[in-house]
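Using my numbering, the first residue of the sequence shown is number 3, and each one after it goes up by one.
Glycine included, C-beta positions come from ideal geometry on N, C-alpha and C.
Treat the numbers as computed from the prediction; the structure is a model and nothing was measured.
Structure record follows, encoded as structure tokens.
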Amino acid sequence: MRRGQKNDRIEELIASLKRSANEHDAPIWRAVARRLERPRRNWAEVNLSRIDRVATEGETIVVPGKVLGSGSLSKKVTVASLSWSATAERRITDAGGTITGIEQIVERVPRGSGVRIIG
Numbered sequence: 003m004r005r006g007q008k009n010d011r012i013e014e015l016i017a018s019l020k021r022s023a024n025e026h027d028a029p030i031w032r033a034v035a036r037r038l039e040r041p042r043r044n045w046a047e048v049n050l051s052r053i054d055r056v057a058t059e060g061e062t063i064v065v066p067g068k069v070l071g072s073g074s075l076s077k078k079v080t081v082a083s084l085s086w087s088a089t090a091e092r093r094i095t096d097a098g099g100t101i102t103g104i105e106q107i108v109e110r111v112p113r114g115s116g117v118r119i120i121g
């Protein structure tokens with residue numbers, strides 16, 4: 003019986019997050035890894051309206067799951083997630099923000115300072 007993730011990309015991402023957490027003393031990446039170790043049905047699904055409510059201008063947001071396009075976004079934020087809908091991507095870029103994968107944010111901000119988890 004196989005345990006754990008069936009997706010090799012997710013397994014590699016979790017291992018990379020844990021490694022970065024240990025190397026750079028960044029507990030935020032360990033927290034993201036723990037959330038991704040959960041069953042997929044328990045992963046976060048965050049709407050843009052929630053990001054708009056919680057985030058501040060210029061902030062970096064990590065969603066350990068999927069970003070959905072419901073609602074509007076009026077702030078320029080950087081959003082990192084595993085996946086996102088086409089509507090969410092369009093609305094984030096229209097607001098002047100950027101959307102990227104979690105791997106790229108870990109490389110860009112290895113200590114995790116200024117990064118917030120939503121979801």
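G121 is positioned such that its CB atom lies no closer than 8 Å to that of G73.
Around the beta carbon of A57, 16 or more other beta carbons lie within 10 angstroms, which makes this residue buried. In this structure, the beta-carbon distance from A90 to K78 does not fall below 8 Å.
Taking C-beta separations shorter than 6 Å and ignoring five residues to either side along the sequence, the partners of S83 in its chain run V65 and V69, following chain order.
Under the DSSP definition of a beta bridge, R118 partners with I63. Secondary structure at L70: strand, using DSSP grouped into helix, strand and coil. Inter-residue distance for W45 and S18 is about 18 Å (C-alpha atoms, whole angstroms). Per DSSP, the beta bridge partners of N49 are L70.
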